[in-house]
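Numbering follows this note's numbering, with no gaps: position 133 of the sequence shown is 133. Quick reminder that beta carbons are idealized off the backbone N, C-alpha and C, glycines included.
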Amino acid sequence: MGRLSGPRRLSGTVPVGLGDAPPFREPWQAKAFALAVLLHREGHFTWDAWVRTLAEEIAAFPQRAGEDAELAYHRQFLAALETIVANTGLAKPEAMQARKMAWRQAYLNTPHGHAVDLAAAGEPHVDEARDHDLEPQRAPIAISPARGAG
């Protein structure tokens with residue numbers, strides 16, 4: 001059987017195609033979609049369960065004011081994927097949150113222009129040009145004199 005190119009037809013009647021737009025703006029969006037399909041195909045959840053979970057996420061957390069519709073959908077998609085992974089016992093919510101925090105820390109520790117590597121999560125980024133003290137400051141940065149007093 002040959003490869004498909006261009007729009008496909010489902011049930012021989014409905015054309016399914018992407019037109020000129022790419023299906024995903026960012027690689028992570030494609031990876032999230034592929035993971036949902038893979039977990040379904042491996043039998044971790046039914047497609048009906050996935051559709052219900054995604055619909056519940058969309059209803060509970062709709063598009064925010066000023067939020068791009070496509071970005072809102074992918075935010076909801078990722079949250080639904082996290083929910084179904086937790087609900088099926090594939091990963092504990094605490095473990096997923098810890099991994100998210102590790103990736104955030106790796107991002108913060110990675111010098112500008114370098115690829116983010118999870119191994120960097122435990123290695124603080126050293127920048128000799130600046131002292132990055134990320135502790136919250138309890139004192140004001142500056143105090144302005146009162147205007148009109150005097």
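**OP:** Mark Leu38 as exposed unless 16 or more other C-beta atoms lie within 10 angstroms of its C-beta, in which case mark it buried.
**Re:** With fewer than 16 other Cβ atoms within 10 Å, it is exposed.
Original post:
Using CA coordinates, which residue listed in Val85, Trp103, Phe24 and Ala91 is at the minimum distance from Ala119?
Top reply: Selected option, being the one with the closest Cα: Trp103.
**OP:** Please specify which runs of the beta strand (DSSP E), each continuous and at least 3 residues long, are wholly inside the stretch 10 to 74, giving them in chain order.
**Re:** 14 to 16, all fully within the stretch 10 to 74.
Original post:
Beta-carbon separation of Thr53 and Ala80 under 7 Å?
Top reply: In this structure, Ala80 lies closer than 7 Å to Thr53 by Cβ.
Original post:
If you drop the 5 nearest sequence neighbours on each side, which residues of the same chain put their C-beta closer than 6 Å to that of Thr110?
Top reply: Here the set comprises Val116 and Ala120.
**OP:** Decide if the stretch 62 to 71 is in contact with the stretch 81 to 99; the criterion is three or more beta carbon pairs, one per stretch, under 8 Å apart.
**Re:** No, the stretch 62 to 71 does not touch the stretch 81 to 99.
**OP:** Identify which residue in Thr88, Ala98, Ala95 and Gln76 has its Cα closest to the Cα of Ala32.
**Re:** Comparing Cα positions, the closest option is Gln76.
**OP:** Go through its chain and collect everything with a Cβ distance to Ala69's Cβ below 7 Å, but skip five positions before and after it.
**Re:** Once the five neighbours on either side are set aside, the close Cβ partners of Ala69 are Gln63.
Original post:
Where do the N-terminal and C-terminal ends of the alpha helix (DSSP H) with Glu94 fall, by residue?
Top reply: Start and end: Pro93 to Asn109.
**OP:** Please confirm whether Thr88 and His44 have their CB atoms less than 7 Å apart.
**Re:** Yes.
Original post:
Where does Ala36 land, buried or exposed, given buried means 16+ other C-beta within 10 angstroms?
Top reply: Here Ala36 is buried. Its C-beta has 16 or more other C-beta atoms within 10 Å.
Original post:
Excluding five sequence neighbours on each side, which residues of the same chain lie with their C-beta closer than 6 Å to the C-beta of Pro93?
Top reply: Hits under 6 Å: Ala86.
**OP:** Between the Cα of His74 and those of Ala142, Gly122 and Pro27, spot the shortest distance and give me the residue it belongs to.
**Re:** Nearest of Ala142, Gly122 and Pro27 to His74, Cα basis: Pro27.
Original post:
From Phe24, Gln105 and Glu42, pick the residue whose C-alpha is nearest to that of Leu90; which is it?
Top reply: It is Glu42.
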